[in-house]
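Residue numbers (my numbering): 1247 to 1720.
Structure below.
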C-alpha cells in the first residue's frame, strides 16, 4: 500500500522531558536524555477515510507530564506531499521558550525524493536548557572558573546569522522583480550558473522567493532568540548591495549581511541587537568576526573607516557607556574576569586566520559522514592550531554544492524544501556526538573553539557548554 516516511531526530538535554511523535496508528515516546532517531510511516492502510489519504504527523513535548507544545503537518500517503498544520513553512517554526528551557525544531518536506535528496520527510526536535546566561552560570563572578582564560570556552555559533529571514530579499523582489535572483546568482555562483543552464526556459523568476528560501536561508530564529538559545560567536559579511541593483532604490543604501550577492540582515541592526543583549545580560561575552568569503567585488566591501563608523554609532546609541570593544589579543590572553572588569564583552575580529574543518568537498554531503571524517584529519595538526587565532568546527552540510541536489531544489523550491534543512537532523546526529566525545582531547586548550551550525538549536549549544565546562575544569 502507498506510504510516506518521516524520519525524526531528537535531542533531550534536561530531565523530566518527554517527546511523543506519532502518525496514524503509530506513536513513539522518547524520555531518555541524549540523541535519538527513528522513522515513522504514514501508511494509506492506516487512514480510515477511503477518499482522503492524508495522515497527520505530530510531535508533542511534555514536561513532567504536562504538554508544552504540539506541532503537526498532514502527509498525503499517496503523493507524499506535506501541507497544512503548524510546520508548513520554515518561518513558522521559531524556537519556543518556556520557563527555563527551549524547544527548537524544523521540518524538511522531501517531496518526490529525487536522488540524492532524502525520500522521507525530515523533522528535528531539541529540548534543552535556556542558555541566555550560560557564561554567567558557568563562570559566575568571583568564582575560580571566572579566573580561567576566556579561550577555554567553546562558543556556539549560528552559521550565516544574517540569513535568518526573507525581509531584505522580499523587499528587493518587490521592487525589482524575481528575475534579479537569476541575475545575481549566475554572476556570482558558478554552480548556480551551471544548474540554470540545465533549466533552459524554466520560469525562475516565478519561484524566486522559494529559491532564496531553499538556497540562502540558513537560520529561522530572530537574532535575540539565537542569543537566548546560546550563540556567542558570529561571522558577519557586511557589504553594499550589488552594483546592478544598488541604484534602483530597492533597499536603503547601507551595509547588509551578504550570502553571495543576496542581502540579509542589516549590519547596523546586527550590532544594535548584539549590544542590547550584552547590556541586558551583564556578564555575557560575545565574539564577532568580520569576513567576506564568497562576497563578490560587485558588492562593495566597507573601508576601515566605514567599519569603525558603524561600530561607534552602535556603541553610542545602545551601549550606554557599559561596553568596551576587545580584540584578538584580549580573546587569546585575558581571563573571563578581566574581560568583564574592563567591560570588553564585545570582542571584534576582522579576517582573523582560523583552523576550519570546512572544505567544499567534505561539507558537500547529504549524510554528514564526510564532515565527521574530516574532523580528526584537520584537528590532528596541533601546530596549525597553535598558529591560528582560533579553531572553527563547522557542523553544517553545504548540500548546495551538490549539483543534482541544487537542481532539484530549484525545480521543486518551496518554503519547506530547503536543501540545507534536508541535512540538519542526520548531520547533527553524527557531528555533535563526535564533538562531544573528542573536542576536549583533540583541540588545544589554549585556543578558543567555535562550534558552528545551520539552524541553531539547543543540542549544538548544549554540546558546546558541556565542552566549555570540561575545559574550564582543567
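The C-beta atom is built at its ideal place from N, Cα and C for all residues, glycine as well.
For residue i, tell me which candidate among the options has the shortest Cα-Cα distance.
| i | options | result |
| --- | --- | --- |
| residue 1518 | 1558, 1499, 1493 and 1320 | 1558 |
| residue 1498 | 1619, 1413 and 1322 | 1413 |
| residue 1723 | 1277, 1290 and 1610 | What is shown of the chain runs 1247 to 1720, which leaves residue 1723 out entirely. |
| residue 1248 | 1301, 1637, 1281 and 1430 | 1301 |
| residue 1674 | 1398, 1650 and 1706 | 1706 |
| residue 1373 | 1259, 1710 and 1392 | 1259 |
| residue 1359 | 1598, 1631, 1333 and 1668 | 1668 |
| residue 1474 | 1490, 1422 and 1531 | 1531 |
| residue 1542 | 1553, 1572 and 1503 | 1503 |
| residue 1638 | 1605, 1334, 1494 and 1538 | 1605 |
| residue 1277 | 1287, 1262, 1679 and 1552 | 1262 |
| residue 1573 | 1524, 1462 and 1585 | 1585 |
| residue 1273 | 1304, 1282, 1283 and 1257 | 1304 |
| residue 1223 | 1533, 1539 and 1564 | The chain is shown from 1247 up to 1720; residue 1223 falls before or after that span and cannot be answered. |
| residue 1312 | 1281, 1345, 1330 and 1332 | 1345 |
| residue 1458 | 1471, 1483, 1427 and 1472 | 1427 |
Where do the N-terminal and C-terminal ends of the beta strand (DSSP E) with residue i fall, by residue?
| i | result |
| --- | --- |
| residue 1509 | 1508–1512 |
| residue 1367 | 1367–1375 |
| residue 1403 | 1400–1404 |
| residue 1351 | 1347–1354 |
| residue 1411 | No beta strand (DSSP E) holds residue 1411; DSSP gives it neither H nor E. |
| residue 1265 | 1263–1269 |
| residue 1547 | Segment: none, residue 1547 is in no beta strand (DSSP E) and carries neither H nor E. |
| residue 1324 | Unbroken run through residue 1324: none, as it is neither H nor E. |
| residue 1342 | 1342–1344 |
Determine the extent of the alpha helix (DSSP H) in which residue i is found, giving its start and end residues.
| i | result |
| --- | --- |
| residue 1489 | 1489–1492 |
| residue 1673 | 1670–1688 |
| residue 1274 | It is not in any alpha helix (DSSP H) - residue 1274 instead sits in the beta strand (DSSP E) that spans 1272–1276. |
| residue 1648 | Neither: residue 1648 is in no alpha helix (DSSP H) and is coded neither H nor E. |
| residue 1577 | 1574–1579 |
| residue 1397 | Residue 1397 -> no alpha helix (DSSP H), and no H or E assigned at all. |
| residue 1336 | It is not in any alpha helix (DSSP H) - residue 1336 carries neither H nor E in the DSSP assignment. |
| residue 1582 | 1582–1587 |
| residue 1381 | 1380–1384 |
Looking at residue i and the ligand NAP, is the gap between the Cβ and the nearest heavy atom below 7 Å?
| i | result |
| --- | --- |
| residue 1663 | Absence of the ligand NAP from the depicted structure is noted, as is the absence of any ligand whatsoever, leaving it without description. |
Looking at the strands, I want to know which residues DSSP matches up with residue i.
| i | result |
| --- | --- |
| residue 1617 | Answer is none; residue 1617 lacks a bridge partner. |
| residue 1706 | None, per the DSSP bridge assignment. |
| residue 1280 | 1258 |
| residue 1315 | 1307 |
| residue 1632 | Answer is none; residue 1632 lacks a bridge partner. |
| residue 1251 | 1287 |
| residue 1600 | 1636 |
| residue 1698 | 1403 and 1640 |
| residue 1302 | 1320 |
| Hey, which unbroken runs of the beta strand (DSSP E) at 3 residues or more fall wholly within the stretch 1458–1542? | Counting whole runs of 3 or more residues, the stretch 1458–1542 contains the beta strand (DSSP E) stretches 1479–1482, 1502–1505, 1508–1512 and 1532–1536.
| request: Please determine if the stretch 1266–1286 and the stretch 1301–1311 are in contact, where contact requires at least 3 C-beta pairs separated by less than 8 Å. | output: Verdict: yes, contact present.
| Is the stretch 1372–1386 touching the stretch 1687–1697 in the sense that three or more CB pairs, one from each, lie closer than 8 Å? | no
| query | Does the stretch 1472–1489 come close enough to the stretch 1397–1406 that 3 or more CB-CB pairs lie under 8 Å? | reply | yes
| said: Could you check whether the stretch 1603–1617 touches the stretch 1641–1652, counting it as contact only if at least three pairs of C-beta atoms, one from each stretch, sit closer than 8 Å? | reply: yes
| message | Is it the case that the stretch 1465–1472 contacts the stretch 1615–1633, given that we only count it when at least three CB pairs across the two stretches are under 8 Å? | response | No, the stretch 1615–1633 does not touch the stretch 1465–1472.
| said: Measuring CB atoms only, is the stretch 1336–1345 touching the stretch 1674–1687, in the sense that at least three cross pairs come out at less than 8 Å? | reply: no
| request: Answer yes if the stretch 1480–1495 comes into contact with the stretch 1541–1555, meaning at least three C-beta pairs across the two stretches below 8 Å, and no otherwise. | output: yes
| message | Whether or not the stretch 1563–1571 and the stretch 1520–1531 are in contact is what I'm after, with contact meaning three or more pairs of Cβ atoms, one per stretch, closer than 8 Å; do they touch? | response | Contact annotation: the stretch 1520–1531 touches the stretch 1563–1571, with at least three C-beta pairs closer than 8 Å.
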